[in-house]
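A.B. asks:
Chains as they are written, first to last, in my numbering: chain Z, 1 to 202; chain B, 1001 to 1202.
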């Protein structure tokens, strides 16, 4: 059985839980309290030297970090990964876009505002990151105005990766009012077969 | 023929140039001066709504953004991607690690210091990002103390992705003195078949 070390409110941790569920793979969830530093203990660093959740432990005990690497690994051989080479490449593009241009802004602002109580302390940085978060939403809006899912007509790993923090963006103060295609897409993703809401636990 | 829009000193732009070369694919390079805002013009935004280089245009005219998505696309069917599912997953892990935990620190500090003339303006942020850059080098040192390449015995796309900005980290003020396994690995990567130095052009 797989073991998933995660933090319940984390979108990054929801991603592999969602995919394990969608693939019908039973797994054990071990809650890691990142606010208490539980992802930086010597024991946890032995599992993931980068000190982050999620951390996936395979049935044979080997470990894998990085939520989008888990999506690619768990999604192999399924319809979540397009068989067309170009569509597959575009799916990769969105996975890296998510980690570079979306998560550091939308997820980080939400974390500071909602979970870490740092809305005041990080005030100026939140202003800057919020602008970049809206830029990411603009890129998504443009794509989702042209196709029902991020990579064409069918859901892929890209939709799971981007759903994670987009649907909770308002918790970080983002308004989705000007992003109607994104809002329709968020609804659409919840209807995809295998979808489970976030948080998976808790 | 492929067309690659890139900025010569950029490690992210070197990655797909290196892989096109390694796969024996001829391509056209179009230099984009990011300091002059050439990646944010209306014409360029029509190619990449996220306003970044590199941007790869396939022989049929379709486009692909995100350097590591290009590596995965161009590397398909080659020995640069491990055939073993777990090693392949670990390669994905490093590709996301590079974009989330390495590039925003090591590449960004180098860009500010060496290319954008912002060493003074960004002084405090450089201190913070330098610490995180060293943390990323520490994760690499640990892995490269255990195996010659990031994912085991053979070079993979992960080595290309991490070589890009690690080998120019000193240009951003990083010292590799305490990272002997990283230094040996940097030498090792230059001996891999198909390797070309950075910058590819210029």
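All residues carry an ideal CB built from backbone N, CA and C; glycine is no exception.
Please confirm whether residue 49/Z has its beta-carbon closer than 8 Å to some beta-carbon of chain B.
C.D. replies: Chain B, which has a Cβ nearer than 8 Å to the Cβ of residue 49/Z, makes this yes.
A.B. asks: Please classify residue 1156/B as buried or exposed, where buried requires at least 16 other C-beta atoms within 10 Å of its C-beta.
C.D. replies: Residue 1156/B is buried by the Cβ-count criterion.
A.B. asks: Could you confirm whether any beta carbon from chain Z is found closer than 8 Å to the beta carbon of residue 1102/B?
C.D. replies: So no, residue 1102/B is outside the interface.
A.B. asks: Since residue 1139/B meets chain Z, which of its residues come closer than 7 Å, beta carbon to beta carbon?
C.D. replies: Within 7 Å Cβ-Cβ: 49 and 50.
A.B. asks: Relative to the alpha-carbon of residue 162/Z, which residue among 141/Z, 44/Z and 43/Z has its alpha-carbon at the smallest distance?
C.D. replies: The option with the nearest alpha carbon to residue 162/Z is 141/Z.
A.B. asks: Does residue 99/Z get closer than 8 Å to chain B when you measure Cβ to Cβ?
C.D. replies: It does: the Cβ of residue 99/Z has a partner Cβ on chain B nearer than 8 Å.
A.B. asks: What residues of chain B sit near residue 76/Z, judged by a beta carbon separation below 9 Å?
C.D. replies: Those within 9 Å of residue 76/Z in chain B are 1085, 1088 and 1089.
A.B. asks: Would you check whether the ligand GTP has a heavy atom nearer than 7 Å to the C-beta of residue 1065/B?
C.D. replies: For the ligand GTP, the structure offers nothing, since it holds no ligand at all.
A.B. asks: Pair every Cβ in the stretch 1129-1145 of chain B with every Cβ in the stretch 1073-1082 of chain B, then say whether three or more of these pairs are closer than 8 Å.
C.D. replies: No contact exists between the stretch 1129-1145 of chain B and the stretch 1073-1082 of chain B.
A.B. asks: Could you run through the stretch 1121-1154 of chain B and flag, in chain order, every residue whose CB is less than 9 Å away from some CB of chain Z?
C.D. replies: Flagged, chain order: 1135, 1136, 1138, 1139, 1142 and 1143.
A.B. asks: Residues of chain B with CB under 9 Å from residue 64/Z, in chain order?
C.D. replies: Within chain B, the residues near residue 64/Z are 1086, 1089, 1090, 1092 and 1093.
A.B. asks: Determine, using beta-carbon pairs with one atom in the stretch 144-153 of chain Z and one in the stretch 1050-1070 of chain B, whether at least three such pairs fall under 8 Å.
C.D. replies: Output reads no: the stretch 1050-1070 of chain B does not touch the stretch 144-153 of chain Z.
A.B. asks: Using a beta-carbon distance below 8 Å, is residue 69/Z in contact with chain B?
C.D. replies: Yes, its Cβ sits closer than 8 Å to a Cβ of chain B.
A.B. asks: Name the residue from 171/Z, 167/Z, 30/Z and 190/Z whose alpha carbon lies nearest to the alpha carbon of residue 111/Z.
C.D. replies: For the residues 171/Z, 167/Z, 30/Z and 190/Z, the minimum Cα distance to residue 111/Z belongs to 171/Z.
A.B. asks: I want to see whether chain B comes within less than 8 Å of residue 44/Z, judged by CB atoms only; does it?
C.D. replies: No, because no Cβ of chain B sits closer than 8 Å to the Cβ of residue 44/Z.
A.B. asks: Could you tell me which residues DSSP pairs with residue 30/Z in its beta bridges?
C.D. replies: Partner(s): 5/Z.
A.B. asks: Between the beta-carbon of residue 71/Z and the beta-carbon of residue 26/Z, is there less than 8 Å?
C.D. replies: No, these two residues do not count as a Cβ contact at 8 Å.
A.B. asks: Using a Cβ-Cβ cut-off of 8 Å, state whether residue 1195/B counts as contacting chain C.
C.D. replies: Annotation note: the requested chain C is absent from the structure, which comprises protein chains Z and B.
A.B. asks: Just checking: is the beta-carbon of residue 1096/B within a distance shorter than 8 Å of some beta-carbon in chain Z?
C.D. replies: Yes, residue 1096/B lies at the interface with chain Z (some Cβ there is under 8 Å from its Cβ).
A.B. asks: Residues in the same chain with beta-carbon distance under 7 Å from residue 1107/B, minus the five sequence neighbours each way, listed in chain order, please.
C.D. replies: The residues are 1011 and 1165.
A.B. asks: Could you tell me the boundaries of the beta strand (DSSP E) in which residue 65/Z lies?
C.D. replies: Run containing residue 65/Z: 63-65, per the beta strand (DSSP E) assignment.
A.B. asks: List the residues of chain B that residue 162/Z touches, going by C-beta distances under 7 Å, in chain order.
C.D. replies: Going along chain B, no residue has its Cβ under 7 Å from residue 162/Z, so there is no contact; the nearest lies around 13 Å.
A.B. asks: Please classify residue 184/Z as buried or exposed, where buried requires at least 16 neighbouring CB atoms within 10 angstroms.
C.D. replies: Per the 10 Å Cβ criterion, exposed.
A.B. asks: Does the beta carbon of residue 157/Z come closer than 8 Å to any beta carbon on chain B?
C.D. replies: So no, residue 157/Z is outside the interface.
A.B. asks: Which of the three DSSP states is assigned to residue 55/Z in this structure?
C.D. replies: Residue 55/Z falls in the strand class under three-state DSSP.
A.B. asks: Is residue 1077/B helix, strand or coil when you go by DSSP?
C.D. replies: Residue 1077/B falls in the coil class under three-state DSSP.
A.B. asks: Identify every residue that forms a DSSP beta bridge with residue 1096/B.
C.D. replies: The partner list for residue 1096/B (beta bridge, DSSP) is empty, contrary to what the question assumes.
A.B. asks: Just list the residues that DSSP pairs residue 1037/B with in beta bridges.
C.D. replies: DSSP output for residue 1037/B lists no bridge partner at all.
A.B. asks: Could you name the residues of the same chain whose beta carbon sits closer than 6 Å to that of residue 1022/B, not counting the 5 residues immediately before and after it, in chain order?
C.D. replies: Result list for residue 1022/B: 1194, in chain order.
A.B. asks: Look at the alpha carbon of residue 1176/B and the alpha carbon of residue 1122/B, and state the distance between them as a whole number of angstroms.
C.D. replies: Approximately 22 Å, taken between the alpha carbons.
A.B. asks: Have a look at residue 83/Z and residue 158/Z and give me their C-alpha separation to the nearest angstrom.
C.D. replies: Going by the C-alpha atoms only, they are around 14 Å apart.
A.B. asks: Distance, Cα to Cα, residue 169/Z vs residue 1024/B?
C.D. replies: Between residue 169/Z and residue 1024/B, the C-alpha separation is close to 43 Å.
A.B. asks: Kindly say whether residue 2/Z, judged by its beta-carbon, lies nearer than 8 Å to any beta-carbon of chain B.
C.D. replies: Judged by the 8 Å Cβ criterion, residue 2/Z is not in contact with chain B.
A.B. asks: Secondary structure at residue 1152/B, three-state DSSP: helix, strand or coil?
C.D. replies: Three-state DSSP puts residue 1152/B in a strand.
A.B. asks: Show which residues of chain B have a CB atom less than 7 Å away from the CB atom of residue 25/Z.
C.D. replies: By Cβ distance, chain B contributes nothing, its closest Cβ being about 14 Å from residue 25/Z, past 7 Å.
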